[in-house]
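Student:
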Amino acid sequence: MTNPRLCPLQGSGRYDYKKVPALTVREVNDRIEVFAIGLQRRFNPDEEWKALERLPKRQRRKANTEYMRSVESLADAIEGIAEYNPGWKPDKTFRDFCEYVTQRRMGKDGRFYRVHFKTGATVDLVPPGSLASGMELVKDGRRKAGWRFVSPDIDRLWREYAAQHAGNRNK
């Protein structure tokens, strides 16, 4: 169904966008989810694989995407990247750090909004200071405002983790 406010110019087949008022949030968005304390399920590859095996092949991609959007998986991604360094072996400190990051992102520090558009697209909007991954509104000198993809600063999180656990290593 077309929006009645988007009317083509008489006989031209083009739209007069100067006369079209801004679309309201309700006209563009299907729903908005608020994740005030981040995602509450951890990534579990065994759970995902078993669920996908039960589905017909044509439905697996969509189901996998929906599952990955509903679970906290940053620590698993960090571990995946670390596997490309053949001389490195994960130790207890690394696993503790991954757990620290996961706990922070599954708490208030991982808050974000998920906007579902009527077109079927979804976007995770990340407020300033959040450890969630998604899109953030930024202002710069070239334009009034724009969007950029953001994810947690792993170096900063490592420094915070190291400072918090510095006393524990000496015991």
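So the numbering used here is basically just the index in the sequence shown, starting at one, shifted up by 78. Idealized CB from N, CA, C, for every residue including glycine.
Would you kindly check if the distance between the Cβ of TYR239 and the Cβ of PHE24 is under 7 Å?
Tutor: The question about residue 24 has no answer here: the residues shown for the chain are numbered 79 through 249.
Student: Quick one: complete beta strand (DSSP E) runs, 3+ long, within the region 174-233?
Tutor: Runs of the beta strand (DSSP E) inside the region 174-233: 190-195, 200-203, 212-216 and 224-228.
Student: Cα separation between SER211 and PRO134?
Tutor: Between SER211 and PRO134, the C-alpha separation is close to 30 Å.
Student: Is DSSP giving ASP169 helix, strand or coil here?
Tutor: Here ASP169 sits in coil by DSSP.
Student: Let's see if you can read the secondary structure: which residues bound the beta strand (DSSP E) around ALA113?
Tutor: Here residue 113 turns out to be Phe, not Ala, going by the sequence shown. Unbroken beta strand (DSSP E) run through PHE113: 107-113.
Student: Considering only DSSP beta bridges, list what ARG120 is partnered with.
Tutor: Paired residue(s): GLU150.
Student: For MET185 and GLY116, which I take to be in contact (beta-carbon distance under 8 Å), what is that distance rounded to the nearest angstrom?
Tutor: Before going on, a small fix: residue 185 reads as Gly here, not Met. Yes, GLY185 and GLY116 are in contact; Cβ-Cβ is about 6 Å, under 8 Å.
Student: Roughly how many angstroms lie between the CA atoms of LEU209 and VAL228, to the nearest whole one?
Tutor: Cα to Cα, LEU209 sits roughly 9 Å from VAL228.
Student: Would you call the CB atoms of VAL204 and VAL193 closer than 7 Å?
Tutor: Not a contact, by the Cβ cut-off of 7 Å.
Student: Give every residue of the same chain whose Cβ lies closer than 8 Å to the Cβ of LYS170, excluding the five residues on either side of it in the sequence, and list them in chain order.
Tutor: Around LYS170: no qualifying Cβ.
Student: Identify which residue in TRP236, ASP124, ASP233 and PHE190 has its Cα closest to the Cα of ILE110.
Tutor: ILE110 has its Cα closest to that of PHE190, out of TRP236, ASP124, ASP233 and PHE190.
Student: Spatial neighbours of LEU152 within its chain, please: CB distance less than 8 Å, with the 5 preceding and 5 following residues excluded, ordered by chain position.
Tutor: Excluding residues within five positions, the ones whose Cβ falls inside 8 Å are VAL179, THR180, ARG183, SER211, SER229 and PRO230.
Student: By a C-beta neighbour count over all protein chains shown, 10 Å radius and 16 as the cutoff for buried, is LEU235 buried or exposed?
Tutor: Classification of LEU235: buried, given that the 10 Å Cβ count is 16 or more.
Student: Mapping the DSSP letters down to three states, classify GLU131 as helix, strand or coil.
Tutor: It is helical.
Student: Tell me the DSSP secondary structure of TYR239 in three-state form.
Tutor: TYR239 falls in the helix class under three-state DSSP.
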